[in-house]
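Heads up: the sequence lines are chains D and A, in that order. First residue of the first sequence? That's 0 in numbering that gives the first Met the number 0, and the numbers climb one at a time after it. First residue of the second sequence? That's 0 in numbering that gives the first Met the number 0, and the numbers climb one at a time after it. From the three backbone atoms N, C-alpha and C, an ideal C-beta is built for every residue, glycine too. What follows is a set of notes on a single structure, which appears directly below.
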Amino acid sequence: MMALLKKSSIWIAFLIALLGLPLLFDSILAISILNQMAIAIVFALSYNMLLGQGGMLSFGHAVYFGLGGFLSVHALMLIEYETMVFSILWIPLIGGLFGLLAGIFIGSFSTRKAGTVFAMISLGIGELIAASSLIFSSFFGGEAGISGDRTFGPTFFGFDFAQNIEIYYVAAVWAFIATLFMWLFTQTPAGRMANAVRDNPERAEFIGYSSRKVRFISFCASGMFAGIAGGLFALNYEFITEENLNAATSGRVLLMAYIGGLGYFIGPIIGAVVLTLMNSLLSNYSELWMLYLGIMFLLTVMFLPRGFAGFIMMHQLAWVRGNMKMLIKPYIITGIPALLFALCAIALIEMSHTEDEVFHYLGFALNPASPVTWIVILAIAGGAFYAVKRSFNQLNDAWETANAIPKEEES
Amino acid sequence: MALLSLKDVTKNFGITEIIRGVSLDIVEGEKHAIIGPNGAGKSTLFHLISGRYNVSAGSIHFKEQQIENKPPYEIARMGLARSFQVTNIFQRMSVFENIRCALFWSKGYGYSFWHLLGRQTELNDEAMHVLEQIGLADKAKFPSGELAYAEQRALELGVAVASGAELIMLDEPVAGMSHSEAENAVELIRKITEGKTLIMVEHDMNIVFDVADRISVLVYGEIIATDKPKNIRANPKVQEAYLGEAHNA
């Protein structure tokens, strides 16, 4: 019993976090962000089944999310017009089923090859479905999309799901279940063979597996979970449009999974949380948040190819050896000027963008028209950059020491 | 009765004929070596038998079933396993996972997504047992891509033999190893192929004459002789085409 409890402690913590967060952050904005996070976590994890675990780079994963979402809104309408009556709690399942069907159909020909062929087919299918969604307006509702109302179904212990917080708990429970099942999938022969085919599709064939079929199974499962995310989206927003299955949405889920870290199960969860926060919070402060997202993506690809999760996991060795405290000081010494440099860069970018005479930034009133402002910020940025460069060697040395093999182990 | 039987197998790439009518019977339980100069088509022959390439003409039978032009996974499921000349493992997975994946099919797991691997005690024990045999038990959790070269070759062997296949084909298993590493590898090969049928491509003549019950000499896509080691050594055709050349080198 204790062993089971210990083994599942991380899952219990995850569930408590999901259910407890709205108690800590209970504003309307916070609940809306939490809802988006729950959806994004499921979507990003389903994407990682393809790319991180199966080695399939898809540019059209929003198709399964969107199709699941569209069918879910149709299901909401069926409930509304009392064609069929069931609790809206089951809506994500309908999204998932439709995502699975779409996955079976499209996967039957797209998983023949991985690599460039797969990527191009996914791009083509993505464009095809997005274009079709504008043409077949009876199902997709054209540019306006379609909308439903989640409050018509039977109530659940008196809840009619009119409140966002009520729907958040639905989303949280579904996100938990979906995450758990996606993790369990990685622990099965089909999940492990997905890794094997990712690493070496040829060798997989010589140990008895058709790499195509292995990819197909992952692809279908991934489509299903993306459909569940689409169903959660439909429940949360009660409408869905072409935007939710087009290339931009496909691109966003790729960014989430990549920035979070493809090689780790938790990576896409981190990516989903970070990107949702940036999307919701940063967009309040700056029109240029997409630019910052782009810069962040570039920096991640260049300097943290294994994503945020990879960065955290890099410290495992130092942690195990009890050397983390060696790293704190050098991190601060390099981190402060690095942060200063980033803030200066943001100031410069924002100043070039703003049309106002005075630009308020971190409590300073900056005047974009005055050369002095520019020179001062550039000077600070230059100084900060120099400080980062100077201190970087120390950080590197500290890193080496913290990860070095202790003397007694060496022999 | 032959376990594996090739009849008039040919393989062209465009107009280039690489394998030119090979017929060969491998008897159950024998250790058979295929030798020949570079470019003779040894690896191509392996690829034809294991299903990586389709034959241009001729037939291949394994356990009296026709296997030519079948996909590799179907041939593998029948009990024919092979290793590769260039290490060909699942680089990003742990050593243990490599072996466990190689066991899935023969243990009947198929494409299952309903068995949780943590609970498959028998499977996991079997994987550990294979790791002990190939001497990598203490590296079980190591990422396989970070193993030393000789260890990767041992893992390559392990992935090939884990499934318990009856016929094992090894393509230059000791290539690129130091003398002592090669000696260990030969010991390992002996141990893990005990009671099984082995076909091996190898350049090191000491190892070939040491391990093989019979030897086939492949020259320019044709088998010019198949015989016991001592007869091969004495065969003038072989000496002319291959051994003399190799000894002079």
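For residue 248 (chain D), the enclosing alpha helix (DSSP H) stretches over residues 246-259. Within the same chain, and ignoring the five residues on either side of residue 20 (chain D) in sequence, the residues whose Cβ sits closer than 6 angstroms to its Cβ are 33. Relative to residue 10 (chain D), the option among D:82, D:335, D:264, D:90 whose CA is nearest is D:264. Cβ-Cβ distances below 6 angstroms link residue 66 (chain A) to 59, 74 in the same chain, with the five nearest sequence neighbours on each side left out; the list follows chain order. A residue is called buried once 16 or more other Cβ atoms fall within 10 Å of its Cβ, and residue 56 (chain A), having fewer, is exposed. Distance from the CA atom of residue 187 (chain D) to the CA atom of residue 200 (chain D), rounded to whole angstroms, is 18 angstroms. For a Cβ distance threshold of 8 angstroms, residue set 87, 88, 89, 90 of chain A lies close to residue 199 (chain D), ordered along the chain.
The alpha-carbon separation between residue 402 (chain D) and residue 332 (chain D) amounts to approximately 19 angstroms. Counting of Cβ neighbours within 10 angstroms places residue 208 (chain D) among the buried residues, the total reaching 16 or more.
For residue 5 (chain D), no Cβ of chain A is located within less than 8 angstroms of the residue's own Cβ. Here residue 25 (chain D) is not bridged, per DSSP, to any residue. The beta-carbon of residue 207 (chain D) is placed less than 8 angstroms from the nearest beta-carbon of chain A. Going by C-alpha positions, residue 352 (chain D) is about 10 angstroms away from residue 346 (chain D). Residue 275 (chain D) has no beta-bridge partner at all, per DSSP. Per DSSP, the continuous beta strand (DSSP E) segment holding residue 11 (chain A) begins and ends at 1-12. The C-beta of residue 338 (chain D) has fewer than 16 other C-beta atoms within 10 Å across all chains shown, which makes the residue exposed. As a beta-bridge residue in DSSP terms, residue 23 (chain A) pairs with A:5. At a Cβ-Cβ threshold of 8 angstroms, residue 232 (chain D) and residue 38 (chain D) count as neighbours.
At least one beta carbon of chain A lies nearer than 8 angstroms to the beta carbon of residue 187 (chain D). Chain A places a beta carbon closer than 8 angstroms to that of residue 184 (chain D), counting this residue as a contact.
For residue 94 (chain A), there are no C-beta contacts with chain D under 7 angstroms, since the nearest C-beta of that chain is about 13 angstroms from it.
The Cβ atoms of residue 173 (chain A) and residue 184 (chain A) sit closer than 8 angstroms to each other.
Listed in chain order, the alpha helix (DSSP H) runs fully inside the segment 185-224 of chain D are 188-198, 200-205, counting runs of at least 4 residues. With the criterion set as a beta carbon lying under 7 angstroms from some beta carbon of chain D, the members of the segment 152-172 of chain A are 158, 162, in sequence order.
Listed along chain A, the residues sitting closer than 9 angstroms to residue 216 (chain D) by beta-carbon distance are 110, 112. Per DSSP, the unbroken beta strand (DSSP E) holding residue 221 (chain A) starts and ends at 221-226. Listed along chain A, no residue sits closer than 7 angstroms to residue 403 (chain D) by beta-carbon distance, the nearest being about 18 angstroms off. The beta carbon of residue 112 (chain D) sits no closer than 8 angstroms to any beta carbon of chain A. CA-CA distance, residue 115 (chain D) to residue 56 (chain D), rounds to 8 angstroms. Rounded to the nearest whole angstrom, the CA to CA distance from residue 247 (chain D) to residue 63 (chain D) is 14 angstroms.
Distance from the CA of residue 38 (chain A) to the CA of residue 130 (chain A), rounded to the nearest whole angstrom, comes to 34 angstroms. DSSP, reduced to helix, strand and coil, places residue 15 (chain A) within a strand of the structure shown. Shown here for residue 220 (chain D): same chain residues with a beta carbon closer than 7 angstroms to its own, the five before and five after excluded, namely 48, 184 in chain order. Counting other Cβ atoms within 10 Å of its Cβ, residue 315 (chain D) stays below 16 and is therefore classed as exposed. Setting aside the 5 residues that flank it on each side, residue 89 (chain A) is surrounded in the same chain by 97, each with a C-beta closer than 6 angstroms to its C-beta; the list follows chain order. When the beta-carbon positions are compared, residue 166 (chain A) and residue 154 (chain A) stay at least 8 angstroms from each other.
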